[in-house]
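Written out below as structure tokens is the structure these notes cover.
Residue numbers (the numbering used here): 3 to 271.
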């Protein structure tokens, strides 16, 4: 079995098998209704997590058997799990980038498997793409991103691959469990953010959801002469985390999802 396939599958099994205590949500505001909803969805989430773990273990065993049985046998690419963020405005599908940030992808995949369908985070920033972006070295403000937080990650992900951030890239903010979806190319940032996923530019439904998420009302915060926008309390948008199996057509597709070329998806403005 190819080393990369084995590594990805074993990572999924290990992270998805973490004790439930490590994946438990931090205490929320204590709302009884929210607690009841979490309890009601517990059985379904546990069943979904068990199915994902069993499927991953089966894939590891299958690849091992086939590789041992046939000299020169080449396995087809293993399935990849997409992460879907489900909001009241629609859902956003994130195609993972294990080729760039394998530990981050494994951790978020495990969280989605263990807590499938639960409300595990919220969008707390939505800064639209301003007019004239990129002209005469103008890159905001506002800063062309949709920012969220995964408050239930058991640990802050490490900073792994840091390619130049392009439109559609999903990045972890270093030293936190916060992330953002880039709404435009960001050459001005250099290589300072870990890319762990991507919203495919041909995924019109996901881009339409992004466009529907409100950009305000917001409050501004200034630090080091940089002014950022943060959605006010009551304007933040919670999301549920779901896992969705993808069947890649090739190892490259497994890493980056469908090719991104041609007509661009609608910009979130």
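All residues carry an ideal CB built from backbone N, CA and C; glycine is no exception.
Report the option in 156, 181, 196 and 203 whose CA atom is closest to the CA atom of residue 170. Closest by C-alpha distance to residue 170, out of 156, 181, 196 and 203, is 203.
Grab the span of the beta strand (DSSP E) containing residue 239 for me, first residue to last. 239-248
On the three-state DSSP scale, how would you describe residue 184? strand
I need the boundaries of the alpha helix (DSSP H) containing residue 210, first residue and last residue. 206-214
Sequence-distant residues of the same chain with beta carbon closer than 6 angstroms to residue 128, five excluded per side: 148, 215 and 217
I'd like the span of the alpha helix (DSSP H) that includes residue 106, first residue to last. 104-116
How would you call residue 193, buried or exposed, if buried means at least 16 neighbouring beta carbons within 10 angstroms? exposed
Whole-angstrom distance between residue 93 and residue 209, CA atom to CA atom: Cα-Cα distance, rounded: 9 angstroms.
Does DSSP put residue 120 in a helix, in a strand, or in coil? coil
I need the boundaries of the beta strand (DSSP E) containing residue 82, first residue and last residue. 82-89
Would you mind sorting residue 95 into buried or exposed? The rule is 16 or more other CB atoms within 10 Å of its CB. When all chains shown are included, residue 95 counts as buried.
Are the stretch 234-248 and the stretch 155-168 touching, with three or more C-beta to C-beta distances below 8 angstroms? no
Identity of the residue in 173, 136, 120 and 126 nearest residue 154 by Cα: 120
Can you tell me the Cβ-Cβ gap for residue 228 and residue 183, rounded? I've got them flagged as a contact below 8 angstroms. Incorrect: roughly 19 angstroms between the Cβ atoms, too far for contact.
Alpha carbon of residue 239 to alpha carbon of residue 88, nearest angstrom: Their Cα atoms are separated by approximately 10 angstroms.
For residue 90, is the classification buried or exposed, using 16 other Cβ atoms within 10 angstroms of its Cβ as the cut-off for buried? Residue 90 comes out exposed.
Could you have a look at residue 272 and say whether DSSP puts it in helix, strand or coil? The structure shown does not extend to residue 272, since the chain is modelled only from 3 through 271, so no value can be given for it.
Going by CA-CA distance only, name the one from 198, 143 and 230 that's closest to residue 167. Among 198, 143 and 230, the Cα nearest to that of residue 167 is on 198.
For residue 82 and residue 223, what's the separation of their Cα atoms in angstroms? 38 angstroms
Pick from 140, 237, 125 and 118 that is closest to residue 85, judged by C-alpha positions: Nearest C-alpha to residue 85: 118.
Rounded C-alpha distance that separates residue 110 from residue 142: 30 angstroms
Could you please give me the residues that DSSP links to residue 128 through a beta bridge? 148
What does the Cβ neighbour count give for residue 219, buried or exposed, with the cut at 16 atoms within 10 Å? exposed
Give me the residue from 200, 195, 188 and 180 with the minimum Cα distance to residue 137. 188
Can you tell me whether residue 194 is helix, strand or coil according to DSSP? coil
Residue 231 - partner residues in DSSP beta bridges: 222
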